[in-house]
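S.K.: Let me give you the structure first, and then I'll get to my questions.
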Amino acid sequence: MTSPAPDLSVEHGVNLCGANTFGLPSTAATLVRIRSPQDVRRVVDHPVYGVARKLILGGGSNLLLTRNLDEVVLSIEIDGIRVVEDGPDATLIEAGAGVVWHDLVRWTLDHGHAGLENLALIPGTVGAAPVQNIGAYGLEVGERIATVHGVDLITGRAVEITRDQCRFGYRDSIFKRELAGKTVITHVRFRLPKPWQPVLGYQDLERRCQETGIAQPDARTIFDWVCDIRRAKLPDPAQIGNAGSFFKNPVVTAEQCRDITGRDPHLVFYPLDDGHCKLAAGWLIDACGWKGKSLGRAGVHPRQALVLVNLGGATGGEVLTLARAIQESVYGRFGIRLEPEPVVV
């Protein structure tokens with residue numbers, strides 16, 4: 009019998025099929041809805057939940073559920089967006105961790121604050137954004153984060169983590185390493201610099217500039233372009249279950265890149281400032297013949313090989329089996345190990 013949890017919203021035997029964008033079957037034995045930092049502290053102080061294993065659940069867009077969950081699932085539902093400071097050099101905006109990421113991007117533009125438009129339509133929530141250091145079309149969210157606020161799951165104390173302390177990397181942060189499962193992110197503050205400068209160094213955006221004749225698009229135009237491009241390339245999780253890009257684009261040395269292009273001259277890659285090269289994982293998967301293929305009820309999207317999809321009724325195990333088959337195939341041909349983006353539970 010579970011101890012009572014006054015002031016906490018607790019549910020048992022919760023079906024999580026609708027709480028993960030893959031639409032995978034899983035049941036949470038205990039789910040606590042977190043709607044404020046105080047709720048996290050109540051969990052920490054609880055005689056049962058405080059010592060139990062916990063799993064933090066945001067929008068479920070970066071999660072591969074392969075089993076039912078015995079952990080106490082903390083569903084992060086903290087809302088609210090506000091301008092903290094609007095100064096001459098930057099605007100500081102705070103958003104609750106449960107805010108839908110795309111809603112925040114749209115809100116900033118609707119209120120005249122540009123700077124996040126390249127990250128439009130990325131699935132997930134604000135609290136998950138710094139964990140994954142989400143990025144798209146030439147911008148990573150770490151470039152716009154000022155501080156991340158949360159609660160320590162051991163002590164219940166409030167924590168404030170600066171951008172430098174987050175140690176952002178490509179799809180990486182301290183929240184995926186030292187602080188993984190130890191800190192619940194409750195709010196994120198974003199610094200949007202002034203004067204605003206468009207980020208247009210991505211091929212698809214450069215092509216739009218050429219096609220439209222708009223050399224200096226405003227933020228709203230970039231937002232609209234990014235939405236159009238993403239909708240054309242990536243399937244809507246509301247239509248077919250998926251978690252967006254399933255694999256990270258591997259980063260290799262220039263020598264490794266030359267070796268691969270010597271054998272496969274059509275390899276798609278992007279030189280990085282530090283001399284390394286980022287390979288297009290989607291191209292590697294497509295080159296191995298996986299686009300549009302399936303194993304059981306899990307498949308590779310026919311328009312974008314980087315996206316694995318639930319064809320209907322798939323289990324997490326089926327998606328994982330497909331992912332491992334793709335990894336083996338790419339390693340066998342290119343000697344490159346693909347790393348999944350979603351957290352496998």
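According to this note's numbering, the sequence shown is numbered sequentially starting from 9. Just so you know, even glycine gets a beta-carbon here, dropped at the ideal spot from N, CA and C. Quick caveat, the model's predicted, so the values are computed rather than measured.
Quick check: what's the CA-CA separation for Gly-307 versus Gly-120?
M.R.: If you take the alpha carbons of Gly-307 and Gly-120, they lie about 41 Å apart.
S.K.: Which residues in the same chain have their Cβ closer than 6 Å to the Cβ of Ser-11, if we skip the five residues on either side of it in sequence?
M.R.: The pLDDT assigned to Ser-11 is 47, lower than 50, so where the model puts this residue is not dependable; a value taken from the coordinates is nonetheless given after this. Excluding residues within five positions, the ones whose Cβ falls inside 6 Å are Pro-55, Val-56.
S.K.: Touch check for the stretch 25 to 33 and the stretch 141 to 148: three-plus C-beta pairs under 8 Å?
M.R.: no
S.K.: For the stretch 175 to 188 against the stretch 67 to 86, are there 3 or more C-beta pairs whose distance is under 8 Å?
M.R.: no
S.K.: In terms of residue numbering, what span does the alpha helix (DSSP H) encompassing Asp-118 cover?
M.R.: 109 to 118
S.K.: According to the Cβ coordinates, are Ile-86 and Ile-42 closer than 8 Å?
M.R.: yes
S.K.: Return the residue from the list Lys-190, Val-149, Arg-152 that minimises the CA-CA distance to Leu-161.
M.R.: Proximity to Leu-161 across Lys-190, Val-149, Arg-152 peaks at Lys-190, based on C-alpha coordinates.
S.K.: Looking at C-alpha atoms only, which residue of Trp-204, Glu-125, Ile-344, Cys-265 is the closest neighbour of Phe-231?
M.R.: Glu-125
S.K.: For Arg-197 and Ser-253, what's the separation of their Cα atoms in angstroms?
M.R.: 26 Å
S.K.: Going by beta-carbon coordinates alone, are Cys-265 and Cys-285 separated by less than 8 Å?
M.R.: yes
S.K.: Could you round the C-beta distance between Gly-21 and Ala-37 to whole angstroms and report it? I think they count as a contact, below 8 Å.
M.R.: 7 Å
S.K.: In chain order, which continuous runs of the alpha helix (DSSP H) of length 4 or greater are located wholly inside the stretch 275 to 328?
M.R.: 289 to 295
S.K.: At which residue ranges does the stretch 213 to 268 contain complete alpha helix (DSSP H) runs of 4 or more residues, listed in the order of the chain?
M.R.: 227 to 241
S.K.: Tell me where the alpha helix (DSSP H) around Asp-53 begins and ends.
M.R.: 45 to 53
S.K.: State the Cα-Cα distance for the pair Leu-63 and Ala-223, rounded to the nearest angstrom.
M.R.: Each residue's CA atom was taken as its position, placing Leu-63 and Ala-223 some 46 Å apart.
S.K.: Among residues of its own chain, excluding the 5 on either side of Ser-337, which ones have a beta-carbon nearer than 6 Å to its beta-carbon?
M.R.: Cys-296
S.K.: With a cut-off of 8 Å on the beta carbons, I'd call Val-327 and Leu-316 a contact; round off their distance for me.
M.R.: 6 Å
S.K.: How would you write the range of the alpha helix (DSSP H) that Asp-87 sits in, first residue to last?
M.R.: Premise fails: Asp-87 is in no alpha helix (DSSP H) and is neither H nor E.
S.K.: Within a Cβ cutoff of 6 Å, which residues of the same chain sit near Phe-176, ignoring the five residues on either side of it in sequence?
M.R.: Asn-141, Gly-150
S.K.: Suppose contacts are defined by Cβ-Cβ distances below 8 Å. Is Thr-329 in contact with Leu-303 by that definition?
M.R.: Yes, the Cβ-Cβ distance between Thr-329 and Leu-303 is below 8 Å.
S.K.: DSSP puts Ile-193 in a beta bridge; with which residues?
M.R.: Gly-158
S.K.: Would you kindly report the start and end of the unbroken alpha helix (DSSP H) that includes Arg-152?
M.R.: Careful: Arg-152 lies outside any alpha helix (DSSP H) and carries neither H nor E.
S.K.: Between Pro-55 and chain B, is the shortest Cβ-Cβ distance under 8 Å, so that the two count as touching?
M.R.: Checking the listed chains, one finds no chain B in this structure; it contains a single protein chain.
S.K.: Measuring only the C-alpha atoms, how far is Trp-204 from Leu-292?
M.R.: 36 Å
S.K.: Within the chosen definition, does the stretch 344 to 351 reach the stretch 245 to 262 through at least 3 CB pairs nearer than 8 Å?
M.R.: yes
S.K.: Checking the sheet assignment: what are the DSSP bridge partners for His-20?
M.R.: Thr-38
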